[in-house]
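Heads up: the sequence shown begins at 341 in the working numbering, then just goes up one per residue.
For each residue, glycine too, the CB sits at the ideal point set by N, CA and C.
Treat the numbers as computed from the prediction; the structure is a model and nothing was measured.
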Amino acid sequence: MTRFIARGWATHGMGFHLGGTLFANTFGTPELREIFDEEGYIDRFLAFEAALARAEAAEGLVPEAAAEEMTERASVDYVDTDAVAANLAEQGLLSMSIIDAWKENLDVASEYVHWGATSQDAMDTAVMMQVRDGFDVLMEDVAAIQDLLVDLVTDHADTPMMGRTHHVHAIPTTFGLKAATWLDELDRGVERLERARERVVGQFAGAVGTFASIGEDGPAVRDRLEAELDVEIPVVWHASRDRFAELLTAFSTLASTLARIAMQVLVLNREEIGELSEGVPKGAVGSSTMPHKRNPKKAETVVGLARLLRGNAHVMSEVMETFDERSASTWYVEFAVVPESFLYVGRSVANFRALLESLEVDAAAMRENLTVHGSLVASEPIMMALAEELGRQTAHRVVYDHAMAAATSKSSFLELLRDDERVLGALGETRLERLADPTDYTGVAEELALDVLSERSASR
């Protein structure tokens with residue numbers, strides 16, 4: 341990034357996340373930085389101004405020659421960024437700082453730039469054009485994540501593993517069903533993104549949204565501008581900032597979904613569990629002092645980025661409370677949180693995609709962990725079978741007593757049950773042993789996992 345404004349980020353201390361050597365790819369991706377850096381912003385700002393001139397030329401408001409010249413020179417290559425920096429220091433108004441620097445490289449068009457527009461028209465539309473282009477990059481990774489989760493569900497629909505509730509062992513499930521809950525939640529997050537994407541719009545209406553400076557030609561120019569930019573321009577917008585709030589809320593919700601899954605990977609990646617592991621690239625260094633470390637960095641950063649995004653979503657909800665037709669007390673905050681959030685979510689999905697692409701599933705470890713407590717986790721199927729003979733409450737009390745005795749001593753749960761005539765008499769040795777096998781108690785988990793895939797296929 342060049343030095344002058346970084347879209348207000350340098351002046352607000354945000355440039356730290358967007359450029360440089362150390363942190364640029366920690367908090368963003370090269371593709372999104374190119375869209376959201378200051379040059380990307382200026383290019384789209386000028387694209388708006390040139391499109392406006394073409395629309396107004398078609399309505400006879402500015403000369404055709406002026407529109408042609410602006411179109412030809414609507415590029416940051418025709419803007420001296422040092423001049424913009426000087427203008428900004430003197431004027432304090434971003435839009436005019438860019439326009440005045442651009443005008444130095446225009447001839448006949450110099451007196452027709454920004455005709456009938458206000459700063460917010462150009463600035464909001466430029467941001468939304470960045471958002472539109474950023475979505476194309478973002479959704480490519482999101483779609484890849486969906487496909488990778490589909491593969492996990494398909495491959496492991498019947499892979500038994502321990503289900504855990506309240507942080508402790510519950511009863512068996514399958515890894516495919518767990519992954520299906522991830523996929524189902526992600527699909528809803530994608531739907532929210534798509535709704536936010538549909539509300540990517542431009543703006544043109546003048547100082548307070550009345551077209552006062554160009555009068556009755558305003559709506560016609562707006563319609564032509566909409567076609568020129570291929571961005572919808574609603575009748576009113578101006579002080580309403582809910583579109584950006586919805587966008588950042590969708591980002592934070594998606595990132596929180598990815599973080600929930602990443603947290604599962606972090607827990608199950610622990611050596612004492614070993615059911616999942618994040619692939620570590622060859623040559624990666626986990627610690628400056630512990631050579632053995634293989635840190636799950638992708639999962640960790642996904643969790644951290646979600647926290648940043650939730651913070652920005654909250655800030656954007658505060659920014660909705662603007663004054664009158666426009667107020668810089670809230671509006672300028674967007675120039676930090678909107679681009680920053682796009683970079684955060686872009687890095688989050690990129691890291692999560694890489695995490696899934698390298699994810700190793702240890703089905704053997706999952707089976708082994710089912711037997712950590714012997715047959716204790718089979719207490720429910722044994723209780724339900726015993727209930728057929730003794731009644732539900734009596735069966736629960738009998739099995740509970742033996743389960744607690746086994747859990748608080750070195751006694752075998754299965755042996756305690758065998759020694760109980762009520763249990764052995766009701767179930768018999770063979771049935772009791774079969775019921776005590778945790779891998780045989782996953783219910784219809786496989787069917788449910790595959791149903792998720794069938795339902796999403798039918799809806800597409």
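For Gly555, there is no enclosing beta strand (DSSP E), as DSSP gives it neither H nor E. Counting other Cβ atoms within 10 Å of its Cβ, Asp440 reaches 16 or more and is therefore classed as buried. The alpha-carbon separation between Asp473 and Ile375 amounts to approximately 7 Å. By DSSP's assignment, Arg504 forms a beta bridge with His509.
Remark: C-beta atoms of Leu699 and Phe753 do not approach each other more closely than 8 Å. Here Val701 is bridged, per DSSP, to Leu616. As DSSP reads the structure, Thr514 sits in a beta bridge with Pro500. Two segments are said to touch when three or more pairs of C-beta atoms, one from each, lie closer than 8 Å; by this definition the segment 456-470 touches the segment 380-394.
Three or more beta-carbon pairs separated by less than 8 Å link the segment 775-785 to the segment 508-521, which places the two stretches in contact. Non-local C-beta neighbours of Ala390 in its own chain, meaning closer than 6 Å and more than five positions away in sequence, comprise Met410, Thr411 and Ala414, ordered along the chain. Between the beta-carbon of Ala457 and that of Leu392 there is about 6 Å, and that keeps the pair under the 8 Å contact cut. Under the 10 Å beta carbon count, Lys750 is surrounded by fewer than 16 other beta carbons and is classified as exposed.
Listed in chain order, the alpha helix (DSSP H) runs fully inside the segment 423-447 are 434-443, counting runs of at least 4 residues. Restricting attention to Ser459, Gly768, Ala705 and Ala746, the CA atom closest to the CA of Leu726 is found in Gly768.
A distance below 6 Å between beta-carbons, with the five flanking residues on each side excluded, links Phe544 to the following residues of its chain, in chain order: Asp461, Arg562, Leu565 and Ile573.
Counting other Cβ atoms within 10 Å of its Cβ, Tyr740 stays below 16 and is therefore classed as exposed. Counted as a single uninterrupted DSSP element, the alpha helix (DSSP H) harbouring His736 occupies residues Arg732 to Ala747. Counting only residues of its own chain and dropping the five nearest sequence neighbours on each side, Val701 has a CB closer than 7 Å to the CB of His496, Phe515 and Leu616.
In this structure, Ala703 sits away from Gly614, with a CB-CB distance that is not shorter than 8 Å. Every alpha helix (DSSP H) of 4 residues or more that sits fully in the segment 513-542 is shown, in chain order, as 515-538. Shown here for Leu492: same chain residues with a beta carbon closer than 6 Å to its own, the five before and five after excluded, namely Ala519 in chain order.
With respect to the 8 Å criterion, Val685 and Leu649 are classified as neighbours on the basis of their beta carbons. The DSSP-derived three-state label of Asn652 is helix.
The DSSP-derived three-state label of Leu489 is helix.
In the structure shown, Glu611 adopts coil according to DSSP, grouped into three states. The DSSP-derived three-state label of Met479 is helix.
Excluding five sequence positions before and after Trp522, the CB atoms of its chain that fall closer than 7 Å to its own CB belong to Leu489 and Ile601, given in chain order.
Setting aside the 5 residues that flank it on each side, Leu756 is surrounded in the same chain by His742, Ala745 and Ala746, each with a C-beta closer than 7 Å to its C-beta; the list follows chain order. Short of 7 Å from the beta carbon of Val792, and not among the five residues preceding or following it, lie these beta carbons of its own chain, in chain order: Val493, Ala520, Leu523 and Asp524.
Here Ser667 carries a coil assignment [DSSP, helix/strand/coil]. DSSP places Glu661 in the coil class of the three-state scheme, outside both helix and strand.
Spatial neighbours of Pro636 in its own chain (CB-CB distance under 7 Å, excluding positions within 5 residues in sequence) are listed in chain order as Val605, Leu606, Asn609 and Glu618. Here DSSP, grouped into helix, strand and coil, assigns Ile573 to coil. Residue state for Arg800 is assigned as coil, using DSSP reduced to three classes. Non-local beta-carbon contacts of Ala560 in its own chain, meaning distances under 7 Å to residues more than five positions away in sequence, involve Glu399 in chain order. Of the candidates Ala449, Leu569, Glu720 and Gly546, Glu720 places its Cα closest to the Cα of His509.
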